[in-house]
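In my numbering, the protein residues as written are 57 to 536.
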């Protein structure tokens, strides 16, 4: 089998496993419900778009070098020798194995079984946000490093080269295929929160990546193949906590406070496959919100007040997700290409495409935070309750006999306004940071300050439009 075939087979194995999973309750995010926002959102949308546009203008007329000095500023905290990830990775693997077992043999209710609540809420939503705050925790909590190193040590191959060398010409292709399989499962599968169905999918995903780690080596596979290792690595570079080599102290790394996203600025340009991967992550965050809107359902002749269930929108959402990815990719390439042309074709367009895509990461994170905020506020309560009875045996380990999950904060003006303000702030701040990163990346890559500013005008307009779109997604009626 060719190396390209191995990548396709890996994603195919996950997809086949998902298709073979037994049917279950048709739930996506475990606590979604129909929601219509009754606030004067037009003012918020206008103000948010103006704030993003004003950021671009401020940077355009700011004296040269100020943004660079801000990006390079560091407040040094301390230095440490990085610990080995083996113990924490082994614990993560054992915890994952426990969750898979509970998913198969435990409570059938997704709101009471720890597996769906852990995967969809604590890991996919909350862990992503924690990564953006504290840095790359996935290095220590991934469930493959520990088991793989333990197995290789038992076989006496700890220092041996992996059986296969990862072909660099594939780039991020395996990660794209695996993340697309994840996106389709999350968006399209009829019951992604069904415990048994999810357990089989998680086990299949773990096995595919464990095999790839053994074949290609941990370093190469986590760099190019395992999508969440890549995703969390990019997200972690938005953190204000920056780990850098400590000069003069071999093997130690220094922790500093810096501008959020500063760690993305000196990264080499991504190849085309890496650019496409980043745009796929933004597509998932965006389409996850779009697919719940009354507008999307109306376009597809579905009455949102009589939603027939996910089985009725499998092919609609499959086509919608893929089309959104294609449109977003084409729009990004066209926008950056237009900026490059009007700036006088400075430098390499390929390098510009592969570098400016890092400015998309804060926008993807902003959509992630804002879209899932209400889900987290409810599902964290369910997760707390599930922790008290993880096996579904009626145990009450945490003494929660009087605990009740509440959604009352969604039914008051004060609660709704506070949530909307937080969501709006997330979208606007994410786009402002995206504008700032794009400006600084262009200045460093192009060199000529005026040409760099001119090249960013089309991308800035698109970011303003995407701000309006993101706020519209939050304010438009949805059903789930």
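For glycine and all other residues, C-beta sits at the position ideal for the given N, C-alpha and C.
Values in this document were obtained by computation on a predicted structure and should not be read as measured data.
Residue i by DSSP, collapsed to three states: which one?
i           : result
residue 300 : strand
residue 311 : strand
residue 289 : helix
residue 132 : strand
residue 534 : strand
residue 265 : helix
residue 246 : coil
residue 108 : helix
residue 259 : helix
residue 513 : helix
residue 306 : coil
residue 506 : helix
residue 103 : helix
residue 67  : Summary for residue 67: the model assigns pLDDT 44, below 50, so the residue's position carries little reliability, and this model does not support an answer.
residue 83  : Legend: pLDDT at residue 83 = 42, less than 50; position of this residue unreliable, value from coordinates given subsequently. Residue 83 falls in the coil class under three-state DSSP.
residue 275 : helix
residue 519 : helix
residue 137 : coil
residue 62  : The predicted position of residue 62 is uncertain, since its pLDDT is 42 and thus under 50; a value taken from the coordinates is nonetheless stated next. Here residue 62 sits in helix by DSSP.
residue 322 : coil
residue 282 : coil
residue 88  : Residue placement at residue 88 is poorly supported in this model, since its pLDDT is 45, which falls under 50; the coordinates are not used for a value here.
residue 143 : helix
residue 251 : helix
residue 121 : coil
residue 329 : helix
residue 316 : coil
residue 294 : coil
residue 488 : helix
For my contact list, residue i and residue j are in at a C-beta cut-off of 8 Å; report their separation, rounded to the angstrom.
i           : j           : result
residue 496 : residue 116 : Actually they do not touch by this definition, with Cβ atoms about 13 Å apart.
residue 141 : residue 202 : 7 Å
residue 170 : residue 442 : 5 Å
residue 417 : residue 290 : 5 Å
residue 227 : residue 327 : 5 Å
residue 152 : residue 262 : 7 Å
residue 419 : residue 338 : 6 Å
residue 208 : residue 214 : 5 Å
residue 446 : residue 158 : 6 Å
residue 415 : residue 493 : 4 Å
residue 488 : residue 184 : With 8 Å as the limit, residue 488 and residue 184 do not qualify as a contact, their Cβ atoms being about 20 Å apart.
residue 204 : residue 266 : 7 Å
residue 374 : residue 240 : 7 Å
residue 104 : residue 491 : No, residue 104 and residue 491 are not in contact; Cβ-Cβ is about 13 Å, not under 8 Å.
residue 133 : residue 312 : 6 Å
residue 475 : residue 429 : 6 Å
residue 391 : residue 518 : 5 Å
residue 197 : residue 148 : 5 Å
Using the beta-carbon count (16 or more within 10 Å), is residue i buried or exposed?
i           : result
residue 188 : buried
residue 359 : exposed
residue 467 : exposed
residue 452 : exposed
residue 357 : exposed
residue 119 : exposed
residue 479 : buried
residue 161 : exposed
residue 477 : exposed
residue 348 : buried
residue 243 : buried
residue 400 : exposed
residue 274 : buried
residue 98  : exposed
residue 343 : buried
residue 282 : buried
residue 462 : exposed
residue 512 : buried
residue 90  : Low confidence applies here, because residue 90 scores a pLDDT of 45, under 50, leaving its location unreliable and the question unanswered by this model.
residue 469 : exposed
residue 541 : Because the chain here runs from 57 to 536, residue 541 falls outside it and cannot be looked at.
residue 380 : buried
key: Length-filtered (4 minimum) alpha helix (DSSP H) runs lying within the segment 340 to 415   = Assignment of alpha helix (DSSP H) within the segment 340 to 415, counting only whole runs of 4 or more residues, yields 350 to 355, 370 to 398 and 405 to 412 in chain order.
message = Could you tell me which whole alpha helix (DSSP H) segments of length 4 or greater appear in the segment 158 to 228?
response = Counting only runs of 4+ residues, the alpha helix (DSSP H) found wholly inside the segment 158 to 228 occupies 184 to 190, 194 to 197 and 201 to 210, in chain order.
inquiry  = Runs of 4 residues minimum, wholly inside the segment 418 to 481: which ones carry the alpha helix (DSSP H) assignment?
reply    = Along the length of the segment 418 to 481, whole alpha helix (DSSP H) runs at least 4 residues long do not occur.
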